[in-house]
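Residue numbers (this note's numbering), protein chains in the order written: chain A, 1 to 320; chain B, 321 to 636; chain C, 637 to 918.
Report on the structure given below.
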Amino acid sequence: MLALENVTKVYRTGALGLRKLIAVSEVSFEIGEREIVALIGESGSGKTTIGKMILRLFRPTSGVIRFEGKDIFSLRGPALKDYYRQVQGVFQDPFASYNPIFKADRVFALIREEFYPRIRRSAWEQRVEEALRAVGLNPSDVLGKYPHQLSGGQLQRFLIARALLLDIRLLVADEIISMLDASTRIDVLNLLGDLRERGLSILFITHDLSLGYYISDRSIVLYRGRVVEMGATERIYARPLHPYTEMLMESIPRIDGRWGATSHRVERSAVLSGAFGCVYYPRCPIAQEICARRAPELTEVEAGHFVACHVRAGASSSAG
Amino acid sequence: MALRVENLRIYYRTLRGYVHAVEGATFSVGDGEIMGLAGESGCGKTTLGHSLIYLKPPMAYIEGHVFLDGRELPIWDMDRMNEFRFRHISIIPQYAMNALNPTRRIGPLIADLLATRGIDFRQILPELQRRLDLVQLSPEVLNRYPFELSGGMRQRVVMVISTLLNPSLLIADEITSALDVSTQRAVCEMIVEFRNRGFVRSTIFITHDMSILYQIADTILVMYAGQLAEKAPVEAIFRSPRHPYTRMLIASLPRVGARQRVERLKGIPGSPPPLLDPPPGCRFRDRCPLAFERCQEPPPFVEVEPGHFVACWREI
Amino acid sequence: MGSRSELLYFAWRNTKVRVGVLILALFVILAIVGPLFARHDPNAYVGPPAHPPSREYWLGTTTFGQDVYSQFVHGLRATFIVGLLGGGIGTLLGVCIGLLAGYRGGMVDEILNMFTNIVLILPTLAVLIIIAAYLTVRGILVESLFIGCTAWPWAARAIRAQTFSLRAREFVDLARMSGRSSWKIMFYEIAPNMLSYLFMTFILQFGGAVLIAATLDFIGLGPTQGISLGLMMNNAVLWAALPLGMWWWLIPPGAAITAIVGALYVMNVGLDEVFNPKLREL
């Protein structure tokens with residue numbers, strides 16, 4: 001359904017725009033029907049940039065994003081509106097997504113104005129109520145209120161309901177539960193799973209691996225703008241191949257065991273990694289000489305499980 | 321006992337009246353103890369932490385006593401608290417890493433701070449360098465501006481600064497929430513290391529992330545809507561929680577190994593009561609599956625087992 | 637208490653706002669009601685020349701025997717009109733250009749920026765002299781138009797900066813994902829969030845317009861007919877009012893302009909505290 005092909009996003013920074021900040025580098029992956037794909041990365045990994053490019057809020061510097069085969073940045077006018085009828089997003093900060101001077105319902109009114117201008121009022125109200133119930137909200141509790149009168153969890157569900165009003169096929173969920181309380185997180189997460197059963201696909205962007213494990217079918221691990229590992233969630237968690245993924249798995253605070261020893265290092269000084277070579281080289285405990293010279297490609301090590309690492313890909317393929 | 325808090329009541333003064341942010345908190349933190357202060361947003365944990373060191377309007381001190389190493393802290397008096405701040409009690413506030421003066425290099429920043437306490441920067445420099453090395457920062461960091469460092473590095477710098485004078489009590493307010501998983505782990509391990517080396521005697525680690533507390537805390541104090549719910553050693557909180565809120569909270573934490581299609585976790589429906597005019601009695605009773613008539617009366621925070629305190633009529 | 641009434645409550649509690657509003661209100665009332673009590677036409681020669689304030693002539697007379705009180709209250713009216721019109725035009729231009737430049741960015745921003753810079757460095761006095769040379773008859777409208785068209789650059793800059801920061805907010809992204817057109821987003825999403833800022837911009841433009849008009853009148857480039865506070869001051873100085881001891885001719889208009897503009901600026905500072913909850917004292 002959705003395919004990214006070698007998408008790159010480069011920002012120009014510095015006084016005369018001479019310095020380059022590579023936010024996303026040659027990222028390619030696909031999202032199919034009825035699946036939840038977790039896009040995992042920490043800050044600086046480019047995950048939010050990818051999400052916003054898919055939502056057509058930023059333009060890639062190079063590469064193509066295709067929806068049903070068509071380049072989404074070539075869409076104009078009615079075709080563009082059609083895209084938004086099928087692809088929508090929900091962001092991290094529930095309060096920032098609402099214009100603070102208007103009531104929360106206004107986000108529904110915007111949808112109605114732009115996509116259903118001729119619908120009758122009663123039909124619309126019914127649609128709204130169905131969408132609210134589908135996300136577990138009681139219409140009488142949440143309609144007619146200002147954003148600051150609702151809780152973070154309610155606001156996030158409200159935004160999901162807004163997306164449902166359009167019968168979307170793909171939802172980009174960018175860290176949507178990180179600002180919610182622990183007791184509401186799991187409910188919103190369960191809601192995403194239910195939506196998958198209804199036929200929706202979700203790109204679940206997060207830095208929290210335990211959430212990714214709970215809900216996603218496939219996972220894509222990003223580091224500094226590059227895909228380092230990709231595959232079925234259960235495989236990645238059972239057998240992480242890339243050293244970065246291993247480090248992430250080691251570092252999650254778990255409640256069934258304490259942290260063990262680690263061989264991974266944190267950043268010591270303010271030096272960024274070089275332009276060539278593997279992007280994880282400065283911190284990698286198994287780095288070899290080739291890693292500094294050439295960036296590794298994504299190679300399929302077992303069915304559907306890809307990794308971008310000279311050492312791991314080489315070892316696995318020679319062993320298997 | 322390093323810290324003893326008795327019946328502390330802190331409200332916020334607003335146009336519409338008092339917001340009952342902390343209602344009668346009584347607990348103690350021992351020497352060398354890392355106590356996790358956990359709860360959801362709005363439970364009062366940040367208010368409690370801040371009131372111990374920097375009680376400024378709109379926070380209002382209503383009643384209560386705080387004793388540190390046997391001496392009473394005059395938390396209601398901002399000026400008198402000055403002699404305690406940074407020396408005996410120190411805080412790493414949330415988002416501290418973003419509050420460093422962007423126009424000063426780190427070294428001069430620290431020198432200024434120390435000068436206000438009458439300490440010569442050059443004398444303390446060797447110790448400072450040792451500590452920077454301990455948190456895996458190279459000493460050249462002192463010559464850098466804050467924006468040249470990453471978030472994780474800035475957070476570590478702030479940690480070193482806050483503990484430089486070996487305070488008896490360190491309050492760490494959500495110091496890991498804006499960090500990456502790898503730095504999070506490093507920062508947490510540093511908190512433990514500081515305690516192990518004696519740089520800090522007792523620590524109050526405020527966070528909403530229970531799983532981090534499992535890794536580093538000795539005891540956990542759970543708060544709900546301004547009231548203390550439960551305090552116990554960390555294993556007890558996770559393996560045998562006694563307060564219904566704690567139980568439901570632990571049950572809703574996703575662990576690696578739990579998948580939704582296999583085992584569906586449950587959250588806690590509803591939301592905390594408004595603290596402007598809070599309902600009488602236990603504030604969790606509207607969401608509690610075990611609530612009964614006695615809950616209209618506020619349950620006392622009592623020790624039901626050695627070191628295990630609960631505020632619930634069902635457990636007393 | 638809703639957020640709007642909360643704003644009003646804070647606005648009224650704030651001493652600066654209260655003082656500013658009261659002073660302004662005083663002069664507005666004077667401007668509206670005062671001329672009803674003026675018995676003489678402002679520019680007519682009606683009384684004994686250079687007469688100090690008396691029961692007949694409340695603020696005395698000028699060197700030519702004109703009623704100073706009548707000039708004063710009619711002048712107040714003119715001043716307020718110029719302030720409203722000139723300030724209004726300036727605000728409107730600044731807002732539109734600032735919003736457009738800030739929201740669109742890129743080439744549009746570059747062009748508008750260049751335009752703003754050009755207008756900013758225009759020597760307004762020189763241009764005005766040239767215009768004055770061409771237009772032998774100038775009214776208040778022309779003066780207001782001129783002031784408005786030259787005073788907007790700083791407002792455009794400030795609003796552009798605000799728009800930049802608002803544009804990156806997520807509710808704007810949401811509006812874009814709802815298929816809203818750029819114009820709708822600018823005026824229905826971004827501008828309403830800057831209402832406090834826009835309000836304060838208008839206040840500053842108003843005050844600025846009054847000052848500029850007074851200056852223009854003072855140097856004789858104001859309206860060719862009618863009377864204004866600046867013109868009064870112009871004439872008073874021209875005819876050596878102060879050395880001759882005719883304080884009633886020079887002081888009232890000067891004090892009035894100072895008071896009005898001062899009240900506006902003080903109100904502006906106070907409003908900043910009202911709109912920004914962090915600056916409030918409880």
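Just so it is clear, CB atoms sit at the ideal spot from N, CA and C, and this is done for glycine as well.
**Asked** Is V817/C helix, strand or coil when you go by DSSP?
**Response** Before going on, a small fix: residue 817/C reads as Ser here, not Val. Coil at S817/C, not helix or strand.
Could you pull out every residue in the same chain whose Cβ sits closer than 8 angstroms to the Cβ of G337/B, ignoring the five residues on either side in sequence? Contacts found: L596 and D597.
- For T312/B, the three-state DSSP class (helix, strand or coil): Nothing in the structure corresponds to residue 312/B, since chain B is present only between 321 and 636.
If we cut at 8 angstroms on Cβ distances, does E550/B have a partner in chain A? no
Worksheet entry | 8 angstroms Cβ cutoff, S97/A in contact with chain B | Not one beta carbon of chain B lies nearer than 8 angstroms to the beta carbon of S97/A.
Less than 6 angstroms between C-beta atoms, sequence neighbours within five positions excluded: which residues of the same chain meet that for R226/A? S25 and V279
Suppose only complete runs of 4+ residues qualify. What are the alpha helix (DSSP H) ranges in the segment 161–247 of chain A, listed by chain order? 182–197, 209–215 and 233–238
**Asked** Which two residues bound the contiguous alpha helix (DSSP H) that contains H710/C?
**Response** V704 to R740
> In chain B, which residues lie with their C-beta within 9 angstroms of the C-beta of E229/A?
Replying inline: In chain order: nothing, as chain B lies at least about 15 angstroms away.
Using 8 angstroms as the limit for Cβ to Cβ distance, is E926/C near chain A? Coverage of chain C is limited to positions 637 through 918, which leaves residue 926/C absent and any answer about it impossible.
| query | Over what stretch of residues does the beta strand (DSSP E) that includes L485/B continue unbroken? | reply | Premise fails: L485/B is in no beta strand (DSSP E) and is neither H nor E.
Below-8 angstroms beta-carbon distance, M637/C vs any chain A residue: Here the model assigns M637/C a pLDDT of 36, short of 50, so the residue's position is not dependable and the matter cannot be decided.
>> Between which two residues does the beta strand (DSSP E) holding H385/B run?
In response: M379 to L388
7 angstroms CB neighbourhood of G858/C in its chain, flanking five on each side removed: E779, A849, L852, S864, G866 and L867
Query - Short CB-CB distance (under 8 angstroms) between P240/A and chain B - result: By the rule that beta-carbons nearer than 8 angstroms mark a contact, P240/A does not touch chain B.
Does T697/C come out as helix, strand or coil in the three-state DSSP assignment?
strand
query = What do you get for H310/A, buried or exposed, if any count of 16 or more other CB atoms within 10 angstroms of its CB means buried?
reply = buried
- Query: What are the start and end residues of the beta strand (DSSP E) that includes S348/B?
  - Reply: G337 to V349
Against I205/A, what residues of chain C qualify as contacts under a CB-to-CB distance less than 7 angstroms, listed in chain order? Those do not exist, as I205/A stays about 14 angstroms from chain C at its closest Cβ, beyond 7 angstroms.
* Asked: Is the Cβ-Cβ distance between L484/B and L388/B less than 8 angstroms?
  -> By the CB criterion at 8 angstroms, L484/B and L388/B fall outside the cutoff.
- Task: Have a look at I795/C and N418/B and give me their C-alpha separation to the nearest angstrom.
- Result: Each residue's alpha carbon lies about 26 angstroms from the other.
*asked:* Between which two residues does the beta strand (DSSP E) holding K551/B run?
replied: Q547 to P553
With 8 angstroms as the C-beta to C-beta threshold (strictly closer), list the residues of the segment 474–508 of chain B near chain A in chain order. D500, V501, S502, T503, Q504, R505, A506 and C508
### Message
For K652/C and G906/C, I'd like the C-alpha separation in whole angstroms.
### Response
5 angstroms
### Message
List, in chain order, every chain C residue whose beta-carbon is nearer than 7 angstroms to that of D93/A.
### Response
E806
Q) Quick one: Cα of F406/B to Cα of E33/A, how far? A) It is roughly 57 angstroms from the alpha-carbon of F406/B to the alpha-carbon of E33/A.
Sequence ranges, alpha helix (DSSP H) only - wholly within the segment 389–461 of chain B, length at least 4 | 426–436 and 441–454
query = At a Cβ cut of 7 angstroms, what residues of the segment 39–54 of chain A count as close to chain B, listed as they run along the chain?
reply = E42 and S43
Three-state secondary structure assigned by DSSP to V501/B: helix
Check your understanding: Can you check whether the CB of T698/C is closer than 8 angstroms to the CB of N871/C?
Key -> yes
Spatial neighbours of E35/A within its chain, please: C-beta separation below 6 angstroms, excluding the five flanking residues on both sides. S201 and D217
- So who's on the other strand from R66/A, going by DSSP bridges? The beta-bridge partner set that DSSP reports for R66/A consists of A3/A and D71/A.
query = At what residues does the beta strand (DSSP E) containing K20/A begin and finish?
reply = R19 to I31
Beta-carbon contacts of P253/A that lie in its chain and below 8 angstroms, excluding the five residues immediately before and after: W259
**Request:** Anything in the segment 793–819 of chain C with a Cβ closer than 7 angstroms to a Cβ of chain A? List those residues in chain order, please.
**Result:** Contact residues of the segment 793–819 of chain C toward chain A are R805, E806, F807, D809, L810, A811, R812, M813, S814, G815 and R816 (C-beta to C-beta distance below 7 angstroms).
- Query: Of the residues M473/B, L445/B, A380/B and S458/B, which one's Cα is nearest the Cα of L420/B?
  - Reply: Selected option, being the one with the closest Cα: M473/B.
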